[in-house]
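In our numbering, the protein residues as written are 46 to 412. All C-beta atoms in this analysis are idealised placements derived from N, C-alpha and C, irrespective of residue type, glycine included.
Pasting the structure below:
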């Protein structure tokens, strides 16, 4: 795909991450030929053909795209829309998937998230310089009794934070709690691999077997850099072990002696008050191990849905003799803003947790 103006790059990101077409905008300063060529290249993109958005979504998107082109081509007697666009859209309408306008349950889908390694503002985006991760996700809030089969806003915000501060995870042993489908894990893997230093490792954990299986499959997709990470593993982890298991428990033995994480990550994992004691116990355990020379710290991104649950978490952390600081986020721009959907209006907070008080917490800029 040729270099893209930022307006078309936003459409590429929107299409690949299943943003509603009504939220996408056609750049007003774009020529008809350039727009037509972009949509044709998007249709023929090898990566998006191998890992396509769901047919349900594509029906809506290509109906919108063709409508936009038809309006622009109206009255133009020398140019016409490439027949491949019509043929592909027709094949979607004739498929056995749900018809356009159906209110049935959304199907699972591949989602591809793009970001630009540099934070510099540019007017043209070179696709060859883009980094991306692709995941198979649920499109419903709850599937099979769990919320862990899709990516939530807190993961996007924490990913932006880490992309701006790669040194936090490069050369470190990183443990993620509640990894879900693996979005944050694939981002961390890409950051680590951009400067693979001695001591680098990444362990993604979850308690739900189905979620952990999906996470493992996603990080192993050959299109993701995480598939080449030499020290990445997915493991089951039950936080309740921190309050009821003995030190000889194999899982706790792994955390203390094998993993001994320098950095603990968690995104949108504080949503049920009953889980707070076990979570805080696990944070205390991970932060208290002393195998590494690095100062241990945890970064927990929380969506502020329920003030009482948030307060319970903070007070429980303090009660465990841990220091907790809220980081100030200046969201001037974000790599993944186009990916916010269900929880787009909810506020995300990031907390840094350590065993001892640190200097003044640094403000961060989420790209």
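Where the alpha helix (DSSP H) containing residue i begins and where it ends
| i | result |
| --- | --- |
| residue 323 | 321-333 |
| residue 279 | Residue 279 -> not in any alpha helix (DSSP H); beta strand (DSSP E) instead, spanning 277-281. |
| residue 158 | Where residue 158 is concerned, there is no enclosing alpha helix (DSSP H), although the beta strand (DSSP E) it sits in stretches over 154-160. |
| residue 84 | 77-89 |
| residue 298 | 295-298 |
| residue 205 | 198-209 |
| residue 138 | 128-138 |
Which of helix, strand or coil DSSP assigns to residue i
| i | result |
| --- | --- |
| residue 344 | strand |
| residue 233 | helix |
| residue 368 | strand |
| residue 413 | The structure shown has nothing for residue 413, since the chain only spans 46 to 412. |
| residue 354 | helix |
| residue 408 | Note that residue 408 scores a pLDDT of 39, beneath 50, so its modelled location is shaky; the value from the coordinates is reported in the next line. Residue state, collapsed to three classes: coil. |
| residue 400 | coil |
| residue 309 | strand |
| residue 225 | coil |
| residue 266 | coil |
| residue 374 | strand |
| residue 116 | helix |
| residue 315 | coil |
| residue 214 | coil |
| residue 70 | coil |
| residue 102 | helix |
| residue 381 | coil |
| residue 60 | helix |
| residue 107 | helix |
| residue 41 | The structure shown does not extend to residue 41, since the chain spans only 46 to 412, so no value can be given for it. |
| residue 473 | Lying before the first or after the last residue shown, residue 473 is absent from the chain, which here runs from 46 to 412. |
Residue(s) in a DSSP beta bridge with residue i
| i | result |
| --- | --- |
| residue 248 | 220, 278 |
| residue 122 | Answer is none; residue 122 lacks a bridge partner. |
| residue 19 | For the chain, the structure presents residues 46 to 412; residue 19 sits outside this window and is missing. |
| residue 177 | 159 |
| residue 32 | Because the chain in this structure spans residues 46 to 412, residue 32 falls outside the shown range and cannot be described. |
| residue 393 | 348 |
| residue 182 | 154 |
*Answer yes if the region 93-102 comes into contact with the region 118-127, meaning at least three C-beta pairs across the two stretches below 8 angstroms, and no otherwise.*
no
_Can you confirm whether the region 309-327 touches the region 215-223 when touching is taken to mean that 3 or more C-beta pairs between the two stretches lie within less than 8 angstroms?_
yes
*Would you call the region 245-261 and the region 327-334 in contact, with 3 or more CB pairs under 8 angstroms?*
no
*Could you say if the region 168-186 and the region 348-361 meet the contact criterion of at least three C-beta pairs nearer than 8 angstroms?*
no
*Count the C-beta pairs between the region 172-184 and the region 228-235 that are closer than 8 angstroms, then say yes if the count reaches three, no if not.*
yes
*Can you find at least 3 beta carbon pairs, one from the region 255-271 and one from the region 285-294, that sit closer than 8 angstroms?*
no
*Below 8 angstroms, can you find three or more Cβ-Cβ pairs linking the region 71-89 to the region 194-214?*
no
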